[in-house]
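Just so you know, the numbering used here puts 72 at position 72 of the sequence shown, and the rest follows in order with no gaps.
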Amino acid sequence: MKELYRQLIHLIFGLIIAFAVLCFGKIIIYPLFIILFIGIFLYFYLKNNYLIIISELHEICSRNNENGRGAILFIIGLLIMLIIIPDIKIIFYSILVLAVGDSLATIVGINGKLKIKYFKKTVEGFLAFFISSSLILYYGFGTVGIVMAFIGAFMELISEKIKIDDNLLLPVGIAIMLELIKH
1 MKELYRQLIH
11 LIFGLIIAFA
21 VLCFGKIIIY
31 PLFIILFIGI
41 FLYFYLKNNY
51 LIIISELHEI
61 CSRNNENGRG
71 AILFIIGLLI
81 MLIIIPDIKI
91 IFYSILVLAV
101 GDSLATIVGI
111 NGKLKIKYFK
121 KTVEGFLAFF
131 ISSSLILYYG
141 FGTVGIVMAF
151 IGAFMELISE
161 KIKIDDNLLL
171 PVGIAIMLEL
181 IKH
């Protein structure tokens with residue numbers, strides 16, 4: 001149940017950030033820097049201290065020994081995209097893929113029966129990511145979006161093995177590929 005709450009919050013905040021980027025464009029980079037610094041401070045502070053509401057939310061949303069690392073890496077990835085990717089549409093869709101695809105992969109994958117042994121993932125989770133990301137990216141980029149969704153699903157599959165957090169790898173990787181294909 002805790003993972004379901006965690007993924008719903010992941011989905012909601014991801015959607016809010018995606019639409020904020022779409023509405024405000026690159027100007028959002030300044031508040032993100034502030035959020036990043038606050039997040040890093042809280043990351044280290046919460047290791048040894050308790051803050052009302054924040055610690056409780058953290059307890060509900062975090063995995064063991066994570067302390068908000070995924071959220072910080074997501075913001076770092078978003079900042080990287082805002083700096084190196086000129087097209088806001090690409091950034092928007094890359095965030096949507098992380099928010100929707102990653103959340104659905106986890107929610108569906110937890111109950112999956114067909115294990116992908118080497119990666120400790122499930123076929124059902126992989127397909128949930130691929131199908132949801134295909135729908136999102138097809139809407140934004142046509143048939144090339146389906147190819148990008150498959151590559152994104154593969155990146156999500158291998159992210160733990162290559163030791164790169166999917167909150168950083170997925171949006172940045174997809175955004176860079178979409179930007180390169182555009183030219």
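Beta carbons: idealized from backbone N, C-alpha and C, even for Gly. Quick caveat: nothing in here was measured; it's all calculated off a predicted structure.
Between the stretch 25-42 and the stretch 103-116, the count of Cβ pairs shorter than 8 angstroms is below three; the stretches do not touch. Annotated as distal: L135 and G14, with beta-carbon spacing of 8 angstroms or more. A buried status is given to L170, since no fewer than 16 other beta-carbon atoms sit within 10 Å of its beta-carbon. By the criterion of a C-beta distance shorter than 8 angstroms, L32 is surrounded in its chain by I75, L78, L79, L82, once the five residues flanking it on both sides are discounted.
Taking 4 residues as the shortest admissible run, the stretch 115-178 contains the following complete alpha helix (DSSP H) segments, listed from N- to C-terminal end: 123-141, 143-158. Out of L4, S133, F129, S94, the CA that lies nearest to the CA of I174 is found in S94.
Spatial neighbours of L36 in its own chain (CB-CB distance under 6 angstroms, excluding positions within 5 residues in sequence) are listed in chain order as I75.
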